[in-house]
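Student:
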Amino acid sequence: MAIRRIVKDGDEILRKKSRPVEQFDQRLWTLLDDMTETMRKADGAGLAAVQVGILKRAVVVEVDDQLIELVNPEIVSVKGKQRGTEGCLSFPGKWGTVTRPMHVTVKAQDRYGKEFTVSGSELMARAFCHEIDHLDGKLFVDVAEEVIAD
Ligand code: NI
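Residue 7 is where the sequence shown starts when you use our numbering, and the numbers rise one by one after that.
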């Protein structure tokens, strides 16, 4: 595993749409392992492949010690609302108030290509939405009510 460089605000790759993953091979597994290590080192709750410069539809999310790898994820249902503070490893020191669904169910593939669905609430639901947005070039600053720098 290796720590990769996190792409920061202003790099136009963050605005690009990521491509579906078609090969579930060692290259993907290394990418996912590196993303997890990079996310943990940066003390984040999630990371999308585009944030390490790879335009593939893959994200990792870790909330309450539960690590979830999502390949080709799609949100299939949402319920409720939550309003709270959100940040992004590509926007160090910036925070915004973002309203997200309280409960989110995602359909995805695992690192071997097997389909599964997973549901999350509160911070996990927020992380699912935030990271999946990254795959379409959408950033939290687009949907935040206000953005503050600390
Ligand atoms: Ni982010």
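The beta-carbon is built from N, C-alpha and C at its ideal position, and this holds for glycine as well.
(1) DSSP state of F122, grouped into three classes?
(2) What's the gap between the Cα of Q29 and the Cα of Q115?
(3) If distances are taken between C-alpha atoms only, which option among R10, R11, D15, I9 comes closest to G143?
(4) Using the C-alpha atoms, what's the distance from T103 back to G119?
(5) For the alpha helix (DSSP H) containing I138, name the first residue and the last one.
(6) In three-state DSSP terms, what is I12?
(7) Between the Cα of E18 and those of E75, S96, T42, V27, spot the shortest distance and give me the residue it belongs to.
(8) Return the CA-CA distance between L61 and D40, expressed in angstroms with no decimal places.
Tutor: This is what the structure holds:
(1) strand
(2) 12 Å
(3) D15
(4) 35 Å
(5) 128-140
(6) coil
(7) S96
(8) 15 Å
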